[in-house]
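J.:
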Amino acid sequence: MSSPELANKSATQVVSERFHASDADVIFTSSDNVLFHVHRKNLETQAAAFPSSEFNTKGEIVALSEDASTLETLFQYVYPQRRQNIELLPFEDLYKLAEAAEKYEVISLMSICNARLKQLVDGHATEIFNYAWRHDYSDILLVATPFLLDIPLDELA
Numbered sequence: 008m009s010s011p012e013l014a015n016k017s018a019t020q021v022v023s024e025r026f027h028a029s030d031a032d033v034i035f036t037s038s039d040n041v042l043f044h045v046h047r048k049n050l051e052t053q054a055a056a057f058p059s060s061e062f063n064t065k066g067e068i069v070a071l072s073e074d075a076s077t078l079e080t081l082f083q084y085v086y087p088q089r090r091q092n093i094e095l096l097p098f099e100d101l102y103k104l105a106e107a108a109e110k111y112e113v114i115s116l117m118s119i120c121n122a123r124l125k126q127l128v129d130g131h132a133t134e135i136f137n138y139a140w141r142h143d144y145s146d147i148l149l150v151a152t153p154f155l156l157d158i159p160l161d162e163l164a
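Just so we're aligned: 22 in this note's numbering is position 15 of the sequence shown, and the numbers increase by one with no gaps anywhere.
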């Protein structure tokens with residue numbers, strides 16, 4: 008495939024199957040070009056870091072840095088609906104979701120991600136310790152620290 012064909016493919020946008028409401032008043036696009044039609048009222052009540060309804064996007068699409076999979080799960084936590092079981096997520100996806108929950112201040116998701124990260128500390132102590140340090144979670148730091156004691160210092164940096 009030539010590079011112009013690749014460029015056209017990467018620029019193609021699809022709409023999320025779950026978040027495509029025709030009456031949505033804000034549209035986000037993921038880093039991998041998936042559109043999410045979301046209601047501001049849900050964002051206002053469940054995600055403190057998104058601008059309020061007074062902020063007018065003038066119909067523009069707001070680009071977010073997260074991938075579609077992360078946003079798909081994140082937005083489930085701003086609506087009263089059945090949500091994906093994050094215990095089934097691979098660690099890398101959970102980690103991205105936890106970072107997004109922190110970034111957009113989706114409080115209900117933050118606590119769920121943190122509980123799950125504590126369960127996975129044995130296999131991912133360094134990443135989880137760094138996450139806890141960045142976001143000031145002393146309880147997670149206390150859980151992760153003992154797992155770091157046997158790791159050479161040059162591997163922790």
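We put the beta carbon where it would ideally sit given N, CA and C, even for glycine.
1. In or out: Ser9 buried (at least 16 other Cβ within 10 Å) or exposed?
2. Can the beta-carbon of Asn170 be found less than 7 Å from the beta-carbon of Val85?
3. Relative to the C-alpha of Ser118, which residue among Tyr144, Asp30, Asp100 and Gln20 is closest?
4. Look at the alpha carbon of Tyr138 and the alpha carbon of Ile114, and state the distance between them as a whole number of angstroms.
5. In the DSSP assignment, find the alpha helix (DSSP H) that holds Glu106 and state where it starts and stops.
6. Hey, Val69 and Arg47: beta-carbon distance below 7 Å or not?
7. Would you be able to state if there are at least three C-beta pairs under 8 Å between the region 88-95 and the region 149-159?
8. Can you tell me where the beta strand (DSSP E) holding Ile68 begins and where it ends?
9. Going by DSSP in three states, His27 sits in which element: helix, strand or coil?
10. Is the CB-CB distance between Asp74 and Ser38 below 7 Å?
T.: Straight from the coordinates:
1. Its pLDDT being 40, under 50, Ser9 is placed unreliably by the model, and nothing is read from it.
2. As shown, the chain starts at 8 and ends at 164. That puts residue 170 outside it, with no answer to give.
3. Scanning Tyr144, Asp30, Asp100 and Gln20 for the CA closest to the CA of Ser118 turns up Tyr144.
4. 16 Å
5. Phe98 to Tyr111
6. no
7. no
8. Ile68 to Ala70
9. Three-state result, His27: strand.
10. With respect to Ser38, Asp74 sits close: the two C-beta atoms are nearer than 7 Å.
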